[in-house]
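Input: a single structure, listed below in structure tokens.
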Amino acid sequence: MKRIAVLLAAVLLAASLAGCGGGVEKTMSLYVLNWGDYIDEGMLEGFRQEYPYIDLHYDTMTSNEEMVIRLQSADSIYDLCFPSDYIITKLIKEGLLAEIDTSRLTNYKNLDPRFLNLDFDPENKYSVPYFWGTLGILYNTKMVDEPVTSWDILWDEKYADQIYMYDSVRDSMMVALIKLGYENNTTDPQQIAEAEALLKEQKPLVAAYGTDDLRDRMIAGSGALAVTYSGDAYAAIQENPDLAYAVPEEGSNIWFDNMVIPKSSKNKDAAYLFIDYLLRAEVAATNAEYIGYSTPNAAAMELLDEEMLNDEVYNPPQDVIDRCTPHIDLGEYEKLYHEAWTRLKAY
Amino acid sequence: MTKSKNSIARGIFLAVMLLFMYAPIIVLVVYSFNSSRTMANWGGFSLNWYAALFKDRDIMAALEVTISVAVLSSLCATVIGTAAAIGIHAMKRRWRNTVMYLSNIPVINPDIVTGVSLMFAFSLLAVPQGYTRLLLAHITFNIPYVILSVMPKLRQTSTSLYEAALDLGATPSVALRKVILPQIMPGVISGAILAFTLSIDDFVISFFCQQGTQNLSIYIYSLARRGINPKINALSALMFVVVLALLLTVNILGDKNSQEARKKRAQRKEARMARKSGTMVLEGNGT
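Below, the structure is given as structure tokens:
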């Protein structure tokens with residue numbers, strides 16, 4: 035039994051020793067909350083080396099909702115978060131965000147003006163875009179001969195049991211709403227009910243509703259069509275060249291993940307330094323290569339591989355961007371969507 | 012005939028059960044050597060993910076938090092829980108039952124309730140965010156389990172030994188260390204091991220009690236949006252091997268200890284027999 039105690043003591047000692055080290059005194063802290071695996075490790079390392087006096091704490095999260103809960107708690111410690119578009123509207127409404135003084139960001143000019151001043155934060159008072167992408171259809175060219183141009187193909191009985199839908203309320207409801215010719219941000223209960231009926235009609239053809247696993251199944255070649263985000267589609271196509279990605283002509287969703295500074299932040303100076311660091315062309319380019327999502331940083335785009343730039347999945351042409359709209363927070367109407375979705379899943 | 016059929020059926024049953032339990036772990040370990048990033052295809056054997064794992068500062072930091080919280084919280088909970096169990100055991104029957112009920116409630120309580128209430132309590136008491144909260148939370152939920160595993164051992168001991176020790180001049184603290192603790196040690200150890208595992212396992216309670224620090228379960232969960240990185244496969248494989256090694260060591264040591272004890276007992280018995288026969292011989296000589 036003594037041996038176990040010695041073992042435990044040794045582990046403890048090793049753990050506490052590992053925590054020591056480092057020469058420069060830390061005069062500032064920075065608490066960052068980001069999605070898991072959503073930054074190139076090297077960039078964090080680079081920041082730590084360049085600003086050795088900043089004690090960088092980096093936490094990760096799984097969902098926007100989780101982030102909101104953490105920011106709402108009375109003693110939130112975060113200085114920088116990465117919420118998606120629609121949740122920013124909500125955070126602004128609840129008064130949880132600090133205004134961002136873009137004159138303090140020397141690299142703000144690197145951003146592509148096409149991705150600024152969007153509906154969810156019209157003057158970019160509170161947010162700086164980090165990555166963006168579209169929602170579309172990832173398909174296997176060996177199983178689908180016809181060109182994929184419309185959401186209608188997801189209702190084609192030819193592909194019964196080979197269709198994967200994305201298990202996300204707003205995204206899947208959007209597919210049905212757009213197919214019906216409505217807007218993805220509608221609050222009309224009648225239109226939402228029609229979309230629900232349409233998805234119920236499709237359900238017998240759907241092999242699975244999933245998220246991440248769908249990408250793996252598509253790579254393995256076990257499905258013909260899957261609703262996917264462009265970034266994941268880009269990664270999947272690299273693994274399996276038979277796959278292709280299309281954004282239907284009726285329109286789709288465009289999403290943004292953004293950097294925001296919570297009002298409760300106690301280290302705003304450090305947060306500005308970190309945002310400015312991530313906006314640097316070289317940093318943003320390396321980061322984009324690692325993550326594989328589209329970067330809103332025009333200066334970084336110039337540094338990317340020719341191959342990436344010419345890839346229409348990674349760098350879609352303007353007409354694709356033009357036909358896509360972001361989700362906005364619908365407040366109390368969100369409930370209509372969730373209820374419809376729950377009924378569909380139980381159907 | 013039926014006998015051998017029975018044993019074949021038993022063998023098959025055992026094999027299926029083991030397969031069910033270990034197949035997922037085997038898949039995980041195998042894919043940790045996959046050079047491709049996805050589980051969808053096999054890109055050939057490689058140790059890249061292991062190399063990448065040790066370079067990944069976030070994973071290493073989360074692992075450090077998990078292990079140090081598990082060690083510290085199980086040690087603290089074992090000390091507090093054992094002391095509490097001894098105290099509760101010494102109470103009058105009615106009080107003992109009441110306190111046991113109270114200490115059992117957190118065990119039955121859903122983790123999410125414990126987590127949320129700890130979150131509120133911590134912010135009300137202005138406990139500093141980060142590691143302190145995580146550690147306090149883990150100690151808190153571990154204590155009842157230690158009490159639960161020490162209590163049965165205490166019930167098996169008799170108070171007369173302790174009283175005898177006092178009669179023979181031991182102070183209460185010496186009696187505690189030399190008489191009570193050795194008797195309940197198996198319960199204390201299993202309580203500590205239970206607390207350690209629970210702490211490593213815990214997700215829900217940690218989820219509500221950590222800002223600015225992150226343990227492994229939370230980190231892995233946060234990867235869900237972008238897909239589990241194969242580095243996690245490599246990490247899980249290593250953890251599995253370490254836990255297996257730890258278990259084997261403990262078992263082998265335990266076996267050795269009990270073998271030694273058996274040997275010693277046998278020697279003592281022999282010595283006693285020898286003494287007895289010696290006295291008999293002496294007696295024989297005398298007559």
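Protein sequence lines, in the order shown, are assigned to chains A and B. Heads up: take any position in the first sequence, counting from 1, add 34, and you land on the working numbering. Heads up: take any position in the second sequence, counting from 1, add 11, and you land on the working numbering. All C-beta atoms in this analysis are idealised placements derived from N, C-alpha and C, irrespective of residue type, glycine included.
Asked, Found
"Taking any Cβ of chain B, which residues in the stretch 99 to 129 of chain A have a Cβ under 8 Å from it, in chain order?", "ARG104, SER107, ALA108, ASP109, SER110, ILE111, TYR112"
"What would DSSP say about B:ASN17, mapped onto helix, strand or coil?", "helix"
"At a CB distance below 7 Å, what residues from the stretch 63 to 76 of chain A approach chain C? Give them in sequence order.", "The structure shown contains no chain C; its protein chains are A and B."
"Along chain B, in chain order, which residues have C-beta atoms closer than 7 Å to that of A:HIS91?", "GLY223"
"Anything in chain A within Cβ reach of B:ASP69, meaning under 8 Å, just list it in chain order.", "GLU75, LEU78, TYR92, THR94"
"Cα separation between B:ILE11 and B:PHE31?", "Past the edges of chain B, shown from 12 to 298, lies residue 11 of chain B, and the structure says nothing about it."
"Please list the residues of the stretch 159 to 173 of chain B that have a C-beta atom closer than 9 Å to any C-beta atom in chain A, keeping them in chain order.", "none"
"If we count the other Cβ atoms within 10 Å of its Cβ and call it buried at 16 or more, is A:GLY55 buried or exposed?", "Note that A:GLY55 scores 46 on pLDDT, short of 50, meaning its location in the model is unreliable and no value can be drawn from it."
"What's the C-alpha gap between A:PRO86 and A:PRO156?", "36 Å"
"Can you give me the C-alpha to C-alpha distance between A:GLU191 and A:PHE116, rounded to a whole angstrom?", "40 Å"
"Using 10 angstroms around the beta-carbon of B:GLN167, count the other beta-carbons present and answer buried if the total reaches 16, otherwise exposed.", "exposed"
"Taking the beta strand (DSSP E) that A:PHE290 falls in, what are its first and last residues?", "286 to 294"
"If I measure Cβ to Cβ from B:TYR156 and keep anything under 8 Å in the same chain, skipping five residues before and after, which residues do I get?", "ALA88, GLY92, VAL118, GLY202, LEU205, ALA206, LEU209"
"How would you write the range of the alpha helix (DSSP H) that A:HIS91 sits in, first residue to last?", "From DSSP, A:HIS91 is part of no alpha helix (DSSP H) but of the beta strand (DSSP E) over 88 to 95."
"Which of the three DSSP states is assigned to B:ILE191 in this structure?", "helix"
"Check distances from the C-beta atoms of the stretch 138 to 155 of chain B to those of chain A and list, in chain order, the residues that come in under 7 Å.", "GLN140"
"Tell me the DSSP secondary structure of B:SER47 in three-state form.", "coil"
"I want to verify the contact list: residues of chain B whose CB lies under 8 Å from the CB of A:GLU273, in sequence order.", "SER47, ARG48, THR49, ALA51, ASN52"
"If you compare alpha carbons, which of A:THR245, A:THR136, A:MET252, A:GLY255 is closest to B:GLY238?", "A:THR245"
"For the stretch 227 to 247 of chain B, which residues have a CB atom closer than 7 Å to at least one CB atom of chain A, in sequence order?", "TYR230, TYR232, SER233, LEU234, ALA235, ARG236, ARG237, GLY238, ASN240"
"Less than 8 Å between C-beta atoms, sequence neighbours within five positions excluded: which residues of the same chain meet that for B:ASN59?", "SER46"
"Applying the 10 Å Cβ sphere with the 16-neighbour rule, what's the burial state of A:ALA167?", "For clarity, residue 167 of chain A is Gly in the given sequence; the question names Ala instead. Buried is the call here."
"B:ASN296: buried (16+ other C-beta within 10 angstroms of its C-beta) or exposed?", "With a pLDDT of 48 at B:ASN296, under the threshold of 50, the predicted position of this residue should be treated as unreliable, and no value is reported."
"Out of A:LEU313, A:THR140, A:ASN98, A:SER299, which one is the CA nearest neighbour of A:SER202?", "A:ASN98"
"Flag B:SER128 as yes if its beta-carbon sits less than 8 Å from any beta-carbon of chain A, otherwise no.", "no"
"Can you tell me the Cβ-Cβ gap for A:THR175 and A:PRO282, rounded? I've got them flagged as a contact below 8 Å.", "Between A:PRO282 and A:THR175 the Cβ distance is about 16 Å, and since that is not below 8 Å, they are no contact."
"Using a Cβ-Cβ distance cut-off of 8 Å, determine whether B:SER18 contacts chain A.", "no"
"I'd like the span of the beta strand (DSSP E) that includes A:THR168, first residue to last.", "161 to 174"
"Taking beta-carbon pairs under 8 Å, can you tell me which members of the stretch 227 to 250 of chain A lie near chain B?", "THR245, ASP246, ARG249, ASP250"
"Suppose you measure from the CA of B:ALA81 to the CA of B:MET71; what does that come to, to the nearest Å?", "15 Å"
"Quick one: give me the first and last residue of the beta strand (DSSP E) that A:TYR200 is part of.", "197 to 200"
"Quick check: the Cα distance between A:LEU105 and A:PRO296, rounded to an integer number of angstroms?", "7 Å"
"Mind pulling the chain A residues with CB within less than 7 Å of B:SER134?", "SER107, ALA108, ASP109"
"Quick one: grab the DSSP three-state call for A:SER107.", "coil"
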